[in-house]
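Notes follow once the structure below has been shown.
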Ligand SMILES: Cc1cc2nc3c(=O)[nH]c(=O)nc-3n(C[C@H](O)[C@H](O)[C@H](O)COP(=O)(O)OP(=O)(O)OC[C@H]3O[C@@H](n4cnc5c(N)ncnc54)[C@H](O)[C@@H]3O)c2cc1C
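Numbering (this note's numbering), first residue to last: 6 to 411.
Below is the structure:
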């Protein structure tokens, strides 16, 4: 039932993503700016776009969303929504220039998971939080909503993470993992950095404290956890943010010579590669769900991803050649490429996360990873905080040139 509920809320196809975008565009101006912070409850999130599962997998791209919004609203009218879309871009760029932060998350998670297995009190508290049985009504409702629908409103994510860390005193990495295993939009950058921000690791010393009055106001009185929440939020200790490396510029795609193509969950609109002349002998899809967590992701997450990938294959089947589905380890990828007589594997650049981790393990064959122009232009600006990045938004918008073929 949960899988059906989540997939009914987020049908995993580009067509459904575009339909949602079309429906939402009229609201992306002042309506969004005034109403976006309200969490109106499961099944009632009409004040926000709910586009994140589509954007996360690039069933619909940031450029398409921005272009659609700017075709109906002025930049100032849609400023708030545009900024939110660029938060995703910023977080991806920030992590891309600091990949050890992703490794650091995995170390924290592995450590916390060991503790869960050896400390019965921690295990019980973690299980109660994941099952939504803490006795804090709002938190429990959000845990159920997440598990049933694969989505939470942004404000609910902030409150939930804050209560997880500062009231329940659970390790932040276990909370980030709980989100990744259940969100249809689970994203290595937005999720890891969102949790780190609440914990006081992202902007050192600056934490986010969930307050009962704020929850009451922005849930329109559905919840009022008076006296139930921590009154302070001391920053979680952790290592300093590493200095930024250079942002990647991606590989040049030389269309000459036999190659095979890998389609992955981080870019399910590969039309731009065919526009660059890609003509693969064969293609394969990657399955990296087993690399998202130490535990098994929720069924609806795997189902969303596999159906979204199948949708991308169906849309491009005239360009892909014979398609092999669900490769999940480096040796299988290399064997498959060699079976097709290829000396190169082409795949769109995968940002820091499970797909990039898998691609990095490939040895003995060239892997060509072209980077979308949008990412190449925007990511290098994510050197400091979002407020500096934000100043570049007008320039980045100015460079958008119509919709790309998806
Ligand atoms: C602790 C925590 C964990 C999060 N984990 C994820 C995650 O795993 N995957 C994910 O996609 N987002 C994550 N977010 C960001 C944000 O909550 C979601 O992107 C947003 O709620 C998605 O709903 P929407 O599409 O209706 O957003 P809207 O309000 O309609 O915003 C439009 C788009 O802007 C982008 N966006 C909005 N807010 C943010 C934000 N704070 N950070 C980055 N991008 C944003 C998204 O692409 C979103 O689809 C997290 C935030 C927090 C605080």
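Where a beta carbon is used, it is the ideal one built from N, C-alpha and C, also for glycine.
Residue i beta carbon near ligand 1 (any heavy atom closer than 7 Å)
i: residue 196; result: yes
i: residue 23; result: no
i: residue 60; result: yes
i: residue 26; result: no
i: residue 297; result: no
i: residue 159; result: yes
i: residue 305; result: no
i: residue 43; result: no
i: residue 191; result: yes
i: residue 412; result: No information on residue 412 is available, as it lies outside the stretch 6 to 411 that the chain covers here.
i: residue 199; result: yes
i: residue 92; result: yes
i: residue 80; result: no
i: residue 216; result: no
i: residue 135; result: no
i: residue 2; result: Any answer about residue 2 is impossible in this case: the structure gives the chain only from 6 up to 411.
i: residue 55; result: yes
i: residue 203; result: yes
i: residue 162; result: yes
i: residue 279; result: no
i: residue 15; result: no
i: residue 184; result: yes
i: residue 187; result: no
i: residue 84; result: no
i: residue 89; result: yes
i: residue 49; result: no
i: residue 394; result: no
i: residue 146; result: no
i: residue 238; result: no
i: residue 166; result: yes
i: residue 96; result: yes
Candidates the options: closest to residue i by CA position
i: residue 164; options: 137, 189, 214, 175; result: 214
i: residue 154; options: 41, 142, 143, 190; result: 190
i: residue 56; options: 99, 158, 343; result: 158
i: residue 166; options: 379, 144, 266; result: 144
i: residue 356; options: 24, 132, 102, 340; result: 102
i: residue 256; options: 385, 267, 268, 374; result: 374
i: residue 188; options: 156, 176, 162; result: 156
i: residue 258; options: 285, 111, 249, 269; result: 285
i: residue 353; options: 63, 300, 17; result: 63
i: residue 60; options: 303, 272, 383; result: 272
i: residue 369; options: 390, 30, 341, 330; result: 341
i: residue 262; options: 350, 309, 192; result: 350
i: residue 222; options: 7, 43, 245, 30; result: 43
i: residue 382; options: 389, 393, 398, 391; result: 398
i: residue 12; options: 140, 321, 115, 152; result: 152
i: residue 394; options: 90, 16, 180, 310; result: 90
i: residue 235; options: 201, 169, 270; result: 169
i: residue 218; options: 232, 121, 82; result: 232
i: residue 178; options: 137, 121, 377; result: 121
i: residue 47; options: 329, 14, 401; result: 14
i: residue 38; options: 246, 365, 81, 8; result: 81
i: residue 316; options: 303, 304, 330; result: 330
i: residue 402; options: 378, 388, 301, 337; result: 378
i: residue 182; options: 135, 29, 173, 70; result: 135
i: residue 302; options: 192, 130, 127; result: 192
i: residue 204; options: 212, 197, 198; result: 212
Which residues DSSP lists as bridging residue i, in chain order
i: residue 208; result: DSSP output for residue 208 lists no bridge partner at all.
i: residue 349; result: 371
i: residue 328; result: 288
Next on the checklist: Which runs of the alpha helix (DSSP H) at least 4 residues long sit entirely within the stretch 253-317? Give them in chain order.
Outcome noted: 276-280
Item to check | alpha helix (DSSP H) segments (min. 4 residues) lying fully within the stretch 152-231 | outcome: 159-167, 177-187, 193-204, 217-223
Checklist entry - Which ranges would you report for the alpha helix (DSSP H) in the stretch 26-78 if only whole runs of at least 4 residues count? => result 35-40, 57-61, 67-75
Item to check | Minimum length 4: unbroken alpha helix (DSSP H) runs contained in the stretch 101-162 | outcome: 105-123, 125-136, 142-154
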